[in-house]
Amino acid sequence: MMLGRIALLSLSCSSTVGLTIYYYLFGVRAKCSSSNLFISSVEDRPRNTRVTVQPQTSVREHSHVSLTCSSDASPAVQHYRWYKDDGGALTVIGNSAVLTMNASKDTTAVFCEAQNDLGTDNSTVTRLDVQYSPRNTTISRLSFGAVVENDDVTLTCSSDASPAARLYRWYKADAETDTHIRDSAVLTMKASKDTTQIFCEALNDLGTDRSAVTHLDVRYHPRNTRVTVSPSGPVLEHHIVTLECSSDANPVVQRYSWHHADGGTLIGNSALLKMNASKNIADIFCRAQNDLGTDDSSNIPLDVQFSPRIQRSSNCTEDDERIRCSCEAEGNPVPVVQWHLPGISSNHSISSEPLSVSAVRSVITVSKPLSSDLFTLLCHSSNSLGTRQQLLYAQAFQQEHIGSEAGAGVAITLLIAFVFILLALVAVLLYVVRNLHVRLRKSQSKVLALDQTPESNEFAEDTEMNIYTSANKPPAEQ
Numbered sequence: 001m002m003l004g005r006i007a008l009l010s011l012s013c014s015s016t017v018g019l020t021i022y023y024y025l026f027g028v029r030a031k032c033s034s035s036n037l038f039i040s041s042v043e044d045r046p047r048n049t050r051v052t053v054q055p056q057t058s059v060r061e062h063s064h065v066s067l068t069c070s071s072d073a074s075p076a077v078q079h080y081r082w083y084k085d086d087g088g089a090l091t092v093i094g095n096s097a098v099l100t101m102n103a104s105k106d107t108t109a110v111f112c113e114a115q116n117d118l119g120t121d122n123s124t125v126t127r128l129d130v131q132y133s134p135r136n137t138t139i140s141r142l143s144f145g146a147v148v149e150n151d152d153v154t155l156t157c158s159s160d161a162s163p164a165a166r167l168y169r170w171y172k173a174d175a176e177t178d179t180h181i182r183d184s185a186v187l188t189m190k191a192s193k194d195t196t197q198i199f200c201e202a203l204n205d206l207g208t209d210r211s212a213v214t215h216l217d218v219r220y221h222p223r224n225t226r227v228t229v230s231p232s233g234p235v236l237e238h239h240i241v242t243l244e245c246s247s248d249a250n251p252v253v254q255r256y257s258w259h260h261a262d263g264g265t266l267i268g269n270s271a272l273l274k275m276n277a278s279k280n281i282a283d284i285f286c287r288a289q290n291d292l293g294t295d296d297s298s299n300i301p302l303d304v305q306f307s308p309r310i311q312r313s314s315n316c317t318e319d320d321e322r323i324r325c326s327c328e329a330e331g332n333p334v335p336v337v338q339w340h341l342p343g344i345s346s347n348h349s350i351s352s353e354p355l356s357v358s359a360v361r362s363v364i365t366v367s368k369p370l371s372s373d374l375f376t377l378l379c380h381s382s383n384s385l386g387t388r389q390q391l392l393y394a395q396a397f398q399q400e401h402i403g404s405e406a407g408a409g410v411a412i413t414l415l416i417a418f419v420f421i422l423l424a425l426v427a428v429l430l431y432v433v434r435n436l437h438v439r440l441r442k443s444q445s446k447v448l449a450l451d452q453t454p455e456s457n458e459f460a461e462d463t464e465m466n467i468y469t470s471a472n473k474p475p476a477e478q
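In terms of the UniProt record's numbering, the numbers along the sequence shown are unbroken and rise by one, the last being 478.
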């Protein structure tokens, strides 16, 4: 193998007494014992190729760096070439003895090649200390997939930086602001539905870098279960009302159910409930359920509006001197109760009290009148949707004070008088009808008038007189 080429070789060797001179030429040992030895010229490929860097210390990314390539060669190096060594993949980045470039983290391993007519030689790889701020910051987990709320979850933050990141910070990503959690490369915490979006931040002396937001699939039972009512506000009785149930849950709610608040009776099995509004429907609530548990909404009171109703519990009691009547009315809006006492000027007092959010009781106490007029107490109840009234008491009194037995006798007397008056009216009506009938018959047929016998006329007249007399006959003494 030829290592070089001799252009001109002159050998001279001079010897002194007792001295032997050895010389080497291209690895061959020669002995010189006489004459002078000299080599005037030897040609060879480049050798001892090397790189010098300015500045020699670390350099920040994007700042200028100068690299110089030199080599021993005869004839002199004719071409220099610079390469970037990217893990075995070579990329040409320059073609001169001096390479000036902007420092980059992607170009930290370089070498140069020197070439003349006899061959080439490469320098060793020079590694540039390019410093840069963190980048490619990422989050990794020991285990992937969903995690149940309150279970432990471990996250690790890593980043590419030179010098290496000296601090890692963890944040919870909220809608409007980021909440700092703690500082460490590894974060271990309890999984929570309120902390499902997390990112980390890496810091060194040159800057910071944030990871992408990591979404944690935290599973939890339903919560914040709520009901919306349409139409909102008051609804008239017997009108359609729609209730919709919703809840926060992961996995999503698998079953909705509706229940009466006064015992939990099931009334529906869907997120949407439509029904006729009724005052008899107590408060209701909805229940949301998934694989991890259930959650109930608060009780929903429906504002069902209806016209007044007077309760069967309304009644009257009395003693020798007073009558006390109680009227209980229910309605929404709450009804106003008034008492009607036609023709009565007796002393009385009225008091009211609420029975519930939609019912009221009014009590009237009346002194028994001394007149013989018919005495009545009428309860009148009203709100914006209607009115209702009910006669609670009707009685007649003699001029003087009488006991309960005498009062019963007066009532019977009034009843008999009423019957006789009614019979008298019937007799008068029959008389008028008979006269009209007779005139009609006379006008229609004289034959029929002539055929009427005196006996039949006497019978009719006798019958009429008997009815009129009975109607006006005073009642027999008791």
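Where is the CB? At the ideal position from N, CA and C, for every residue including glycine.
Minimum Cα-Cα distance from Thr156 among the listed residues Ala114, Glu201, Thr177 and Val130 corresponds to Glu201. Of all alpha-carbon atoms in Ser159, Ala161, Gln197 and Asp248, the one lying nearest the alpha-carbon of Thr177 is that of Gln197. Runs of the alpha helix (DSSP H) spanning 4 or more residues and lying entirely within the region 317–369 do not occur at all. Counting only residues of its own chain and dropping the five nearest sequence neighbours on each side, Glu353 has a CB closer than 6 Å to the CB of Arg361. The way I'd put it, the region 139–154 doesn't touch the region 62–81; fewer than three beta-carbon pairs between them come closer than 8 Å. The beta strand (DSSP E) runs of length 3 or more contained entirely in the region 149–224 are, from start to end of the chain, 152–162, 167–173, 178–183, 186–190, 197–204 and 207–210.
Annotated three-state conformation of Phe144 is coil, per DSSP. Judged by DSSP in its simplified three-state form, Ile281 adopts coil rather than helix or strand. Comparing alpha carbon positions, the residue from Gly293, Pro163, Arg135 and Pro301 closest to Arg60 is Pro163.
DSSP places Ala103 outside both helix and strand once states are collapsed to three, so it counts as coil.
Judged by beta-carbon spacing, Tyr80 lies within the 9 Å limit of Gln115, meaning their Cβ atoms are closer than that value. Look at the UniProt domain "Ig-like" (222–307) and you find these whole runs of beta strand (DSSP E), each 3 residues long or longer: 240–250, 255–260, 266–268, 272–276, 284–290 and 293–296.
Taking 9 Å as the cut-off, the beta carbon of Cys286 is found no closer than this to the beta carbon of Thr188. Contact annotation: the region 266–281 touches the region 246–257, with at least three C-beta pairs closer than 8 Å. Ala394 carries a strand assignment under DSSP once its states are collapsed to helix, strand and coil. Leu378 sits in a strand when the DSSP states are folded into three classes. Following the DSSP letters along the chain, one finds Asp86 inside the beta strand (DSSP E) bounded by residues His79 to Asp86. Between Ala329 and Gln311, the gap from beta carbon to beta carbon is short of 9 Å. Taking the C-beta atoms as reference points, Val235 is found nearer than 9 Å to Leu302.
Here Ser63 is exposed, its C-beta having fewer than 16 other C-beta atoms within 10 Å.
The shortest C-alpha to C-alpha distance from Leu392 to any of Val337, Leu378 and Arg141 is the one to Leu378.
Here the C-alpha atom of Asp85 lies approximately 48 Å from the C-alpha atom of Lys193. In the DSSP assignment, Asp121 falls within the unbroken beta strand (DSSP E) covering Gly119 to Asn122.
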